[in-house]
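Student: Quick one: structure below, then a few questions.
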Amino acid sequence: MDYSNLRRQAASLKKGLFDQGHLDEQFRQVEDLQDEASPNFVEEVVVVFFKDSGRLISNLEQALEKYPRDFNRWDAYMQQLKGSCSSIGASRMKNECMSFRDNCGQRSVEGCMGSLQKLKREHAILRQKLESYFQVTLEAPPCQSWCHDRWIISINLLTDVCMFTMQLLRQVGPAGAATRPAM
Amino acid sequence: MELKAKGFTSIKALLVEDIEVCRLVLSTFLLRLHCEVTLAMNGKEAVDLFLEGKKFDIVLFDKDMPVMTGPEAIVKIRAMGETDVKMVGVSADDHAMEAFMSVGADLFVPKPMRMEALGPIIQEVINKKKNDMV
């Protein structure tokens, strides 16, 4: 398995997420919390985020239908979602949350609906991109275990070479002498 | 719910936050800073913990939560005579600072909370606790 290629692919996917503005510095803060004791922490946070955000978006959609023109209520729901997006660095989603809240302030139903559609689109895009990223990182283990595996392979190979050399030397005997096979 | 960083129990922190992902990230920050972390899902749960006699060195509140908001909880907890515990408001709401500081919070930190912001706050609580013990 070409782990180096997979690791390059993972790095490229992650870079794309930052370059395209889907994630910001806060995501790196979350990554810094991942360690050997919590090796899947980032993925766990992302899973919880999409569970939370899916629920919050659903609550908001119900509120849009059940409480027409109740901009204060709509704003309150979106405030929660904005906080959730901020905590993991979901930057483009957070911007759409702010756009929605601006439209609430302007009491624009059409504006709110438009912002919500954009938010849902960004939500889906981010989910798909992060799923791709984690799929690749699962296939490419962290450098520590990858390097450890390479060391083990190298040591085993070296051991095999040493044993072969020793067997060869036994057959060869003292320097320069060849051992005649038994007749 | 109590979470404990292995081997370190110097600062007792209460995190009051209704959104799960925010709770997960912020509680992990606190654990990394060697705090003993208790979680509450809203302001009322936080107040109930104090009514049960639980003691904390620092409490971090989200602003808008079901049942009871962060500022509402601060009012009630301060009214119990809990003037020493450090109360920190945390919110992504641009207008939250006034809401927290007007009811007696010691500090407001905008979301997202960063480790660089939280570290000095916890250190200050540690220093105060050491001074109080002397």
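Protein sequences appear in the order of chains V and W. Just so we're aligned: the first sequence equals residues -7 to 175 in my numbering. Just so we're aligned: the second sequence equals residues 1368 to 1501 in my numbering. In this text, a Cβ means the ideal position worked out from N, Cα and C, and glycines have one as well.
(1) Please check if any C-beta of chain V sits within less than 9 Å of the C-beta of Ile1386(W).
(2) Would you list the one or two residues that DSSP bridges to Pro1479(W)?
(3) Determine contact between the stretch 1480 to 1488 of chain W and the stretch 82 to 89 of chain V, defined as no fewer than three beta-carbon pairs at a distance below 8 Å.
(4) Is the distance from the Cβ of Phe126(V) to the Cβ of Ile80(V) below 9 Å?
(5) Along chain W, in chain order, which residues have C-beta atoms closer than 9 Å to that of Ser107(V)?
(6) Using three-state DSSP, classify Thr1436(W) as helix, strand or coil.
(7) Give me the Cα-Cα distance between Ala2(V) and Tyr(-5)(V), rounded to the nearest whole angstrom.
(8) Tell me which residue opens and which closes the alpha helix (DSSP H) that Asp67(V) is part of.
(9) Can you say whether Val1434(W) is buried or exposed, counting buried as having 16 or more other CB atoms within 10 angstroms of its CB?
(10) Does Asp44(V) come within less than 9 Å of chain W when only Cβ atoms are used?
(11) Quick one: complete alpha helix (DSSP H) runs, 4+ long, within the stretch 1377 to 1461 of chain W?
(12) Answer with buried or exposed for Pro60(V), where buried requires no fewer than 16 other C-beta atoms within 10 angstroms of its C-beta.
(13) Within 10 angstroms of its Cβ, does Asp44(V) collect 16 or more other Cβ (buried), or is it exposed?
(14) Mind checking the stretch 1389 to 1402 of chain W against chain V and listing, in chain order, the residues whose C-beta falls within less than 8 Å of any C-beta there?
(15) Any contact between the stretch 1407 to 1426 of chain W and the stretch 1435 to 1444 of chain W? By contact I mean 3 or more CB pairs, one from each, below 8 Å.
(16) So, with DSSP's three-state summary, where would you put Leu220(V)?
(17) His231(V) lies in the alpha helix (DSSP H); which residues open and close that run?
(18) Report yes if the C-beta distance between Glu1439(W) and Gly1410(W) is below 9 Å; otherwise report no.
(19) Rounded to whole angstroms, what is the Cα-Cα separation between Leu1393(W) and Gln54(V)?
(20) For Gly97(V), go through chain W and note every residue whose CB falls closer than 8 Å to its CB, in chain order.
(21) For the stretch 1485 to 1500 of chain W, which residues have a beta carbon sitting closer than 8 Å to at least one beta carbon of chain V?
(22) Please look up how many angstroms separate the CB atoms of Met1482(W) and Gln21(V), rounded, as I've assumed it's under 8 Å.
(23) Which chain W residues sit within Cβ distance under 7 Å of Val22(V)?
(24) Could you please give the first and the last residue of the uninterrupted alpha helix (DSSP H) stretch that includes Leu30(V)?
(25) Using a threshold of 9 Å, state whether the C-beta atoms of Leu48(V) and Ala82(V) are closer than that.
(26) Under 9 Å between the Cβ atoms of Glu1491(W) and Lys1453(W)?
(27) Using a Cβ-Cβ cut-off of less than 7 Å, list which residues of the stretch 1470 to 1484 of chain W approach chain V; keep chain order.
(28) Compare the beta carbon distance of Gly1448(W) and Ala1472(W) with 9 Å and say whether it is the shorter of the two.
(29) For chain W, check one thing: does any of its Cβ atoms lie closer than 9 Å to the Cβ of Phe33(V)?
(30) Cα separation between Glu131(V) and Leu(-2)(V)?
Tutor: On the basis of the supplied data:
(1) Answer yes: the Cβ-Cβ gap between Ile1386(W) and chain V drops below 9 Å somewhere.
(2) Note: Pro1479(W) sits in no beta bridge, so no partner.
(3) Between the stretch 1480 to 1488 of chain W and the stretch 82 to 89 of chain V there are fewer than three C-beta pairs closer than 8 Å, too few to call the two in contact.
(4) Going by C-beta atoms, Phe126(V) is not nearer than 9 Å to Ile80(V).
(5) Those do not exist, as Ser107(V) stays about 16 Å from chain W at its closest Cβ, beyond 9 Å.
(6) Reduced to three states, the DSSP call for Thr1436(W) is coil.
(7) So the alpha carbons of these two residues sit roughly 10 Å apart.
(8) Counted as a single uninterrupted DSSP element, the alpha helix (DSSP H) harbouring Asp67(V) occupies residues Phe63 to Ile80.
(9) Burial check for Val1434(W): the Cβ neighbour count within 10 Å stays below 16, so the residue is exposed.
(10) Output row for Asp44(V): interface = yes.
(11) Those alpha helix (DSSP H) runs which fall completely within the stretch 1377 to 1461 of chain W and span 4+ residues are 1387 to 1399, 1410 to 1418 and 1437 to 1446.
(12) By the 16-neighbour rule on beta-carbons within 10 angstroms, Pro60(V) is exposed.
(13) Per the 10 Å Cβ criterion, buried.
(14) Those would be Cys1389, Leu1391, Val1392, Leu1393, Thr1395, Phe1396 and Arg1399, in chain order.
(15) Output reads yes: the stretch 1435 to 1444 of chain W touches the stretch 1407 to 1426 of chain W.
(16) Since the first and last residues shown for chain V are -7 and 175, residue 220(V) lies out of range.
(17) Shown here, chain V extends from -7 to 175; a query on residue 231(V) therefore has no answer.
(18) Contact: yes.
(19) Computed Cα separation, rounded: 29 Å.
(20) Within chain W, no C-beta atom comes nearer than 8 Å to that of Gly97(V); the closest sits roughly 11 Å away.
(21) Across the stretch 1485 to 1500 of chain W, no CB contact with chain V closer than 8 Å is found for any residue.
(22) Taking the Cβ atoms as the reference, Met1482(W) lies roughly 6 Å from Gln21(V), within the contact range of under 8 Å.
(23) Simply Val1392.
(24) According to the sequence as given, residue 30(V) is Ser; it is not Leu. Under the DSSP assignment, Ser30(V) falls outside any alpha helix (DSSP H); it carries neither an H nor an E label.
(25) No; because the gap between Cβ atoms is not below 9 Å, this pair is not in contact.
(26) Yes, the Cβ-Cβ distance between Glu1491(W) and Lys1453(W) is below 9 Å.
(27) Within the stretch 1470 to 1484 of chain W, Lys1478, Pro1479, Arg1481 and Met1482 place their CB atoms closer than 7 Å to a CB of chain V, listed in sequence order.
(28) Taking 9 Å as the Cβ cut-off, Gly1448(W) and Ala1472(W) do not qualify as a contacting pair.
(29) Answer yes: the Cβ-Cβ gap between Phe33(V) and chain W drops below 9 Å somewhere.
(30) One alpha carbon belongs to Glu131(V), the other to Leu(-2)(V), and they sit about 7 Å apart.
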